[in-house]
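Peer 1:
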Amino acid sequence: MKTIVKLLRKPIAASILAIAVGFLIAAIVLAIAGYAPGPSFAALFNGMIGKPKYISNVVIKATPLILTGTAVAFAFKTGLFNIGAEGQYVTGTICAAIVGISCDFPPVLQVPLVILAGTLGGAACGALVGWLKAKFGINEVITSIMLNWISLYACNFVVNVPAFHQPESTSTYAVNPSSYTMILPKWKLSEEGLATLKGTPWLYEVLVKTDVNVGILIAVACAILIAVLLKRTKMGYEMRAVGLNREAAQFAGINVNRNIVTCMLISGSLCGLAGALAVTGLEPHNISTLAAFENNGFNGLSVAFIAGSSPIGCIFAGFLFSGLIYGGQSVQQVMGAPSDIINIMIGTIVFLMALSQVVPMVADWLERREKGVANA
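When you line the sequence shown up against numbering that gives the first Met the number 0, it's residues 0 to 375, in that order.
1. Report all residues from its chain with a CB closer than 7 Å to the CB of Phe80; omit the five preceding and five following residues, and keep chain order.
2. Terminal residues of the continuous alpha helix (DSSP H) containing Lys187?
3. For the alpha helix (DSSP H) that contains Leu229, what are its first and last residues?
4. What does the alpha-carbon distance come out to for the pair Gln332 and Phe44?
5. Quick check on this structure: which residue in Ala32, Val207, Phe40 and Ile100 has the alpha carbon closest to the alpha carbon of Ala19?
6. Closest to Ile220 by CA distance: which of Thr90, Ile27, Met334 and Ile314 is it?
7. Measuring straight from C-alpha to C-alpha, what distance separates Val57 and Cys270?
8. If you draw a straight line from the C-alpha of Gly125 to the C-alpha of Thr195, how long is it?
9. Go to Leu335, then tell me how far its alpha helix (DSSP H) extends in each direction, as first and last residue.
10. Would you list the one or two residues that DSSP bridges to Ser170?
11. How many whole angstroms separate the CB atoms of Ile114 and Ala95, which I take to be in contact at a CB cut-off of 8 Å?
12. Taking the alpha carbon of Gln165 as the reference point, which residue from Leu365, Thr288, Tyr325 and Ser309 has its own alpha carbon closest?
13. Less than 8 Å between C-beta atoms, sequence neighbours within five positions excluded: which residues of the same chain meet that for Leu276?
14. Compare the C-alpha of Gly296 against each of Tyr34, Asn342, Val89 and Gly136 and name the closest.
15. Alpha carbon to alpha carbon, how far is Thr347 from Ile3? Give it in angstroms, no decimals.
16. For Ser189, is the classification buried or exposed, using 16 other Cβ atoms within 10 angstroms of its Cβ as the cut-off for buried?
17. Beta carbon of Ala25, beta carbon of Ile324: below 8 Å?
18. Counting pairs of beta carbons, one from the segment 140 to 149 and one from the segment 238 to 256, are three or more of them closer than 8 Å?
19. Can you list, in chain order, the residues of its chain whose CB lies under 8 Å from that of Ile388, leaving out five sequence neighbours each side?
20. Skipping 5 residues on each side, what residues in its chain have a beta carbon closer than 6 Å to that of Leu351?
21. Given a cut-off of 8 Å, decide if Val110 and Ser14 are closer than it, judged by their beta-carbon atoms.
22. Pick from Lys230, Leu272, Lys52 and Val349: whose alpha carbon is nearest that of Leu119?
23. For Thr279 and Leu202, I'd like the C-alpha separation in whole angstroms.
24. Tell me which same chain residues have a C-beta within less than 8 Å of the C-beta of Lys187, skipping the five on either side of it?
25. Cβ atoms of Val128 and Met263: under 8 Å apart, would you say?
26. Within 10 angstroms of the Cβ of Tyr152, are there 16 or more other Cβ atoms? Answer buried if so, exposed if not.
27. Given this structure, state the Cα-to-Cα distance separating Val160 from Ala173, to the nearest angstrom.
28. By Cβ distance, which residues of its chain are closer than 8 Å to Ile311, with the 5 residues on each side in sequence left out?
29. First and last residue of the alpha helix (DSSP H) that includes Glu282?
30. Exposed or buried, which one is Ala290 when buried takes at least 16 other CB atoms within 10 Å?
31. Could you tell me which residues DSSP pairs with Met263 in its beta bridges?
32. Please determine, among Gly33, Thr77 and Ala12, the residue with the shortest C-alpha to C-alpha distance to Leu228.
33. If you count every other CB in all the chains shown that lies within 10 Å of the CB of Glu237, and 16 or more means buried, which is it?
34. What is the C-beta distance between Gln328 and Ser338, in whole angstroms, given that I count them as a contact (C-beta under 8 Å)?
35. So Glu139 is in the alpha helix (DSSP H); what residue range does that whole segment cover?
36. Thinking Val71 and Gly299 are a contact (beta carbons under 8 Å), I'd like their distance in whole angstroms, please.
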């Protein structure tokens, strides 16, 4: 019993239980709908890891989720709710596309410039939300939601600017090839590259059949850096102090308003970085007219919840979320089951993570019960 209590007190316990119950609920729904849960889950996992290109696509899809999830988790840790991750992501794609189309420097200069442009675009949106809260006390949820829509319509405006608009399409021109962050983009399609890669089938699948790029390395590095910032630096300590109790932090001499702006700036920059990496790393390397949000930012909210607002946890939660979304397509193709069942699973996991405080309460109840039995 003591071992169970210790396990339930660990922060990861809530995540594991939520994921397990999510799969259980999905199995029940599948069974009720007339689909065998076993083969359905087999199709799900086969769609996630059945082929090298599937794994590569899961990794590619995880990149923006890890970054936006880390951005939201970072804001949570500092007492802020960045629901504007979607708009900051879109702004990042806009700025990256504008610079990537307008400039054509050597890759060693072009790639950092385009990524920096997207990062600064997201940072500006985040900083504006933080400044409005710090200066006028306007709730960040309201301002960030409104900025989401401003970013969406700004994207549609930029797409239709003659200098960027690709004729007879609903998108911009592609960014210049010097902006690409794909791994060996020219070599892998050359005669020499194709001849070399065909000798290694799995590598051929990964490099030629997918848009594998360096984005995942940047995303993981950012999540680790944010974790170090929060746990190992004075700035992170001050930010967490402001998040826990603003009045106490101010009484202790911490500049609360500055920290609010800084936190939202960093959070927004991560979302903007995700947008920039999408433009530079994925075909067709442009932005298109948006009729609705693509949910790369909103899904980051779910990733942050599943991770328990842990930046490191966002790495694993991002891969899980990406795998469920990508593998869920196989469930529909192989079993004929609607992909909405995967959404039910994800929704259940997120819902249960919102009740994560129940798990330590269960541990306390078990401990009291054990003591009561021992005293009797």
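Where a beta carbon is used, it is the ideal one built from N, C-alpha and C, also for glycine.
Remember, it's a predicted structure, so these values are computed and weren't measured experimentally.
Peer 2: Inspection of the coordinates gives the following:
1. If you ignore the 5 residues before and after Phe80, its C-beta comes within less than 7 Å of the C-beta of Ala74, Glu139 and Val140, all in its own chain and listed in chain order.
2. Per DSSP, Lys187 lies in no alpha helix (DSSP H) segment and is marked neither H nor E.
3. For Leu229, the enclosing alpha helix (DSSP H) begins and ends at Gly214 to Arg231.
4. Gln332 and Phe44: Cα-Cα distance of roughly 13 Å.
5. Comparing Cα-Cα distances from Ala19 to each of Ala32, Val207, Phe40 and Ile100, the minimum goes to Phe40.
6. Reading the sequence as shown, one finds Ala at residue 220 and not Ile. Of the residues Thr90, Ile27, Met334 and Ile314, the one whose Cα lies closest to the Cα of Ala220 is Ile314.
7. Straight-line Cα distance between these residues: approximately 19 Å.
8. Each residue's alpha carbon lies about 45 Å from the other.
9. Per the sequence presented here, residue 335 reads as Gly, with Leu not at that position. DSSP places Gly335 in no alpha helix (DSSP H); its state is neither H nor E.
10. The partner list for Ser170 (beta bridge, DSSP) reads Ser287.
11. Confirmed, about 7 Å.
12. Distance from the Cα of Gln165 is smallest, within the candidate group Leu365, Thr288, Tyr325 and Ser309, for Thr288.
13. Result list for Leu276: Thr62, Pro63, Leu66, Ile114, Gly117, Thr180, Asn212, Gly214, Ile217 and Ala218, in chain order.
14. With distances taken between Cα atoms, Gly296 lies closest to Val89.
15. Distance between the alpha carbons of Ile3 and Thr347 is about 24 Å.
16. With fewer than 16 neighbouring CB atoms inside 10 Å of its own CB, Ser189 falls in the exposed class.
17. Not closer than 8 Å, so no.
18. Under the three-pair Cβ rule at 8 Å, the segment 140 to 149 does not count as touching the segment 238 to 256.
19. Any question about residue 388 goes unanswered here, given that the chain covers just 0 to 375.
20. Taken in chain order, the residues that qualify are Ala17 and Val20.
21. Contact annotation: Ser14 and Val110 have beta-carbon atoms that are not nearer than 8 Å.
22. Minimum Cα-Cα distance from Leu119 among the listed residues Lys230, Leu272, Lys52 and Val349 corresponds to Leu272.
23. One C-alpha to the other measures close to 21 Å.
24. The residues are Leu193, Leu196, Leu206 and Val207.
25. Cβ distance < 8 Å, so Met263 and Val128 count as in contact.
26. When all chains shown are included, Tyr152 counts as exposed.
27. Each residue's Cα considered, the two are about 14 Å apart.
28. Only Ala222, Ile223 and Ala226 meet the Cβ criterion.
29. Note, Glu282: premise wrong, no alpha helix (DSSP H); not H, not E.
30. Counting the other CB atoms within 10 Å of its CB gives Ala290 a total below 16, which places it among the exposed residues.
31. According to DSSP, Met263 bridges with nothing at all.
32. Comparing alpha-carbon positions, the option among Gly33, Thr77 and Ala12 lying closest to Leu228 turns out to be Thr77.
33. Glu237 comes out buried.
34. That pair is a contact at about 6 Å.
35. Glu139 to Val158 is the extent of the alpha helix (DSSP H) around Glu139.
36. Confirmed, Cβ separation roughly 5 Å.
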